[in-house]
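Position in the sequence shown (from 1) plus 6 gives the number in this note's numbering. For glycine and all other residues, C-beta sits at the position ideal for the given N, C-alpha and C. Since we're looking at a predicted model, the values are computed, not measured. Written below as structure tokens is the structure these notes are about.
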Amino acid sequence: MKNKHLTLLAAVILLLAGCKNPGVTKFDYHLDWNNAGLDVRLTLAHPQTDTLTLYYCDEDFGGQTDIFTCVKNLKAEGCTILPDSAHYRIQLFDFRKNNILLTYRIEQSLPDDFVNCPMEVFRPNLTDKMLYALGNHLFFLPDEEDSVLLSAPMKVTWGSVPEFPVFCLYNPGKGTEAFEGQVADLLNTVVVGDPGLHIDTVMCAGVTNYVVTAPRKLEEYNNANLKHFLRFFYTSALQFWEETPEKPYSLIVYPFEKIPFEVTGLGLDGGFCARYSVDADTILTHGREQTFAHEIGHHWIGFGGDFQWFGEGFNDFQSIYLVTASGLHNTQNFIDFFNEYLEKLQHSEIRNLPNDEIFKNFWDLGDYSWIPYWRGSIYALRLMGMIEAQTGTDHAFKDLMMAVKPSMDKLTPELFLEIASQFIDKQTLQVDFERYIINAESMTLVGDPMPSGCEVRYRKDGTPYLVITDEAKFARHFVL
């Protein structure tokens, strides 16, 4: 009798094991490079539910309202598919099988006039000699807020591959080898390929990192400079944030196909991808270096959505601070950076447009896309002076960021003010924030305490500018 009970118990355990997570969704992507395009086959193991929505890009990404034109030959087997190009998504319903097959092709779809940089940064760039596709421009993916589906198991395999080298940020250093992980691994990633692609390694804090380039000119010189930059800047950032990396970081610097735009880029999970003018001789110019530093900085300070004065502005402050603290540039470079921002903000016709209005028009580019950087950076500089005035510390920015760090993923303006009130009188801080960030009053810096070792002066037209009055005092602020 005892043996029969054990046999029955074993049978029940096996039955339960077989039914464990019967509704787990699995995403199996297979890619084939074919005639300057990518054919994608998604086998989706999904329970029979009412509907499933998958997205291609999203409505707030790059201002590309016609991005769905990149998707061709969209078909589904085992369910009914309803494309919704206006909202960048497809809806799957009427499930007739547990294993659904979704097939489609991604092709380049760039306007002929190439009017602004997002036309290549925020769209697939696929030719017989170029492969550039962000993860959400290649894979149909769940909603960014759907934590259950984003944690689902995922696999990516390649069949036909380009004849040139390929680098996949989701599987760095492994080319087109098969990769298994979670769906979230494909959300903020990029795939690049090129006949002239260089994939070099740089050791930082004991971890192998990658520098991926395809210089059209001065290959050895440009590659050496980029490796030097990543080694110094990334190591300094790790030291500042008091972190030891567990995974590789990748700096991907890839030329535009056609447009002569100097530089732009995107901070991604586990790396940063820059696009720059194909006409460039030297890649690491002063302006591009600042952009690279800014985007690497997004690894710690996120984009912020309508919280852009922090996500972009404080990140810009962080980037020029770390470029200075790392020794890549001197303190005068820091001053020159802020004098340029003070000049541009002072003379912008929309300098007093409130934050929410700026965010609504961000993808109109021009000053709309720059105001969050200028306003946020200058506000950070003011806080640096205010904190030093009230606490006496030389390390105001470092102290503030260390206090913010534990709350970075859930940061709100209210929480930021609560944290900053550890250093500055709360009422003073709230009034100041309301005036300069919410209501966008002009930051003339009149009467504002500045970091010791520098002071504010004014041009004939009233534009403020900074000068270093004591180099030794001023340099003490830049600690790692």
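Taking residue i as the reference, which of the options has the closest Cα?
i	options	result
His-304	Gln-324, Thr-214, Tyr-216 and Ser-448	Gln-324
Arg-357	Thr-207, Pro-171 and Pro-378	Pro-378
Ser-115	Tyr-138, Asn-105 and Leu-108	Tyr-138
Thr-71	Glu-440, Trp-306, Ser-91 and Asp-431	Ser-91
Lys-161	Pro-360, Val-46 and Ile-341	Val-46
Phe-429	Pro-159, Arg-441, Met-408 and Met-414	Met-408
Thr-291	Asp-322, Thr-59 and Val-269	Val-269
Leu-107	Glu-169, Asn-142, Lys-32 and His-143	Lys-32
Asp-405	Trp-247, Cys-460, Phe-439 and Ser-375	Trp-247
Thr-86	Tyr-471, Val-77, Asp-476 and Arg-102	Arg-102
Tyr-327	Ala-481, Met-125 and Met-136	Ala-481
Cys-460	Ser-166, Cys-279, Gln-338 and Trp-380	Gln-338
Pro-168	Lys-135, Leu-140 and Asn-142	Lys-135
Arg-381	Glu-349, His-401, Gly-165 and Lys-411	Glu-349
Leu-50	Val-189, Leu-132, Leu-351 and Asp-38	Val-189
Glu-111	Gln-296, Tyr-35 and Asp-467	As written in the sequence, residue 111 is Arg, which differs from the Glu given in the question. Here the closest residue by C-alpha is Tyr-35.
Ala-58	Ala-82, Ser-375 and Asn-215	The sequence given here has Leu at residue 58, not Ala. Of the candidates Ala-82, Ser-375 and Asn-215, the one whose C-alpha sits nearest the C-alpha of Leu-58 is Ala-82.
Glu-355	Lys-432, Ala-42, Asn-79 and Asp-373	Asp-373
Asn-336	Thr-288, His-52, Phe-146 and Ile-474	Ile-474
Glu-249	Phe-403, Lys-264, Thr-397 and Trp-306	Trp-306
Asn-229	Asn-79, Ile-205, Ile-425 and Trp-376	Ile-205
DSSP on residue i, reduced to helix/strand/coil?
i	result
Met-136	strand
Arg-237	helix
Ala-220	coil
Ala-184	coil
Lys-75	Looking at the sequence itself, residue 75 is Thr, so the reference to Lys does not match. Note: Thr-75 maps to helix in three-state DSSP.
Pro-261	strand
Gly-398	coil
Gln-245	helix
Phe-484	coil
Trp-306	coil
Ser-256	strand
Asp-100	coil
Glu-490	Because the chain here runs from 7 to 486, residue 490 falls outside it and cannot be looked at.
Asp-476	coil
Glu-533	Outside the shown range of the chain, which is 7 to 486, sits residue 533, and nothing can be said about it.
Glu-169	coil
Asn-142	helix
Asn-131	strand
Phe-429	coil
Asp-3	Residue 3 is absent from the structure shown; the chain starts at 7 and stops at 486.
Leu-156	helix
Glu-268	coil
Asn-231	helix
Leu-175	coil
Leu-80	strand
Kindly indicate the opening and closing residues of the alpha helix (DSSP H) around residue i.
i	result
Gly-303	292-303
Asn-321	321-331
Pro-419	419-426
Leu-406	402-410
Thr-288	Thr-288 -> no alpha helix (DSSP H), and no H or E assigned at all.
Thr-434	432-439
Could you pull the start and end residues of the beta strand (DSSP E) that residue i belongs to?
i	result
Leu-60	57-61
Asp-206	204-210
Val-197	196-199
Leu-37	32-39
Thr-49	44-51
Lys-161	159-164
Thr-109	105-112
Pro-89	86-90
Does the Cβ of residue i lie closer than 6 Å to at least one heavy atom of the ligand COA?
i	result
Ser-354	As far as ligands go, the structure on display features none, and thus does not contain the ligand COA.
Quiz item: Okay, do the stretch 268-276 and the stretch 222-236 touch, 3+ Cβ pairs below 8 Å being the bar?
Solution: no
Exercise. Scan the stretch 335-388 and note each continuous alpha helix (DSSP H) run of 4 residues or more that stays entirely inside, going in chain order.
Key: Correct list: 337-353 and 361-366.
Quiz item: On the three-pair Cβ rule with 8 Å, is the stretch 236-246 touching the stretch 329-337?
Solution: yes
Quiz item: Is the number of C-beta pairs between the stretch 254-261 and the stretch 170-180 that are closer than 8 Å three or more?
Solution: yes
Quiz item: Are there three or more Cβ pairs, one per stretch, closer than 8 Å when the stretch 83-102 is compared with the stretch 62-71?
Solution: yes
Quiz item: Could you give the uninterrupted runs of the beta strand (DSSP E) lying entirely in the stretch 441-474, keeping only those of 3 residues or more?
Solution: 460-464 and 470-474
Exercise. Decide if the stretch 439-447 is in contact with the stretch 342-352; the criterion is three or more beta carbon pairs, one per stretch, under 8 Å apart.
Key: no
Quiz item: For the 8 Å Cβ check, are there 3 or more pairs between the stretch 453-471 and the stretch 381-392?
Solution: yes
Exercise. For the stretch 189-197 and the stretch 162-176, state whether three or more C-beta atom pairs, one from each stretch, are separated by less than 8 Å.
Key: Segments in contact, yes.
Practice problem: Please confirm if the stretch 154-169 is in contact with the stretch 215-223, defined as three or more CB-CB distances below 8 Å between the two stretches. | Solution: The stretch 154-169 vs the stretch 215-223: no contact.
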